[in-house]
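K.L.:
My questions will all concern the structure given below.
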Amino acid sequence: MDINIEQLAEEMPEFESHQEASEWFGNRFQGQFIFKEKDTLNGIPTYFYHIIKDVNSYNRYMNALSQEESEIEAAQSFYSYTTVLITDDGDIEISL
Numbered sequence: 655m656d657i658n659i660e661q662l663a664e665e666m667p668e669f670e671s672h673q674e675a676s677e678w679f680g681n682r683f684q685g686q687f688i689f690k691e692k693d694t695l696n697g698i699p700t701y702f703y704h705i706i707k708d709v710n711s712y713n714r715y716m717n718a719l720s721q722e723e724s725e726i727e728a729a730q731s732f733y734s735y736t737t738v739l740i741t742d743d744g745d746i747e748i749s750l
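The sequence shown begins at 655 in the working numbering and counts up one residue at a time.
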């Protein structure tokens, strides 16, 4: 799945909260939008999600990362997903 970041930004509404933003992305990308972790960046609670673009490559990559001594076979693995950061107040940052 290709993700056109410019088009996505044009279609994305202003969000009031993390919940509102995560629901919008979840509805838009269905089972390919998954929560990874929550952290605090510059004192702001931030939620990290992945939009999976290539399910097979993503799963192989995530499995390799979970192994103690693993080798990532191809750079394609790094392009199998896009990271979305959502703050508590609904601010969005999307990696390319």
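Positions of the beta carbon are idealized from the N, C-alpha and C atoms, including for glycine.
Can you grab the Cα-Cα spacing for the pair I748 / E670, in whole Å?
P.N.:
Roughly 17 Å between the two C-alpha positions.
K.L.:
With distances taken Cα to Cα, identify the nearest neighbour of S676 among Y733, F702, N717.
P.N.:
Selected option, being the one with the closest Cα: F702.
K.L.:
What first and last residue would you give for the beta strand (DSSP E) that runs through I705?
P.N.:
Note, I705: beta strand (DSSP E), 698-706.
K.L.:
To which residues of the same chain is T741 closer than 6 Å at the C-beta, ignoring the five residues directly before and after it?
P.N.:
Cβ within range, chain order: I698, T700.
K.L.:
Do you know whose CA, among M655, R714, V738, I657, lies nearest F689's CA?
P.N.:
Checked all of M655, R714, V738, I657; the closest Cα to F689 is V738.
K.L.:
Would you mind reading off the limits of the alpha helix (DSSP H) that contains F683?
P.N.:
Per DSSP, F683 belongs to the alpha helix (DSSP H) from 672-683.
K.L.:
At the level of alpha carbons, what is the spacing between Y735 and T694?
P.N.:
Rounded to the nearest angstrom, the two C-alpha atoms are 22 Å apart.
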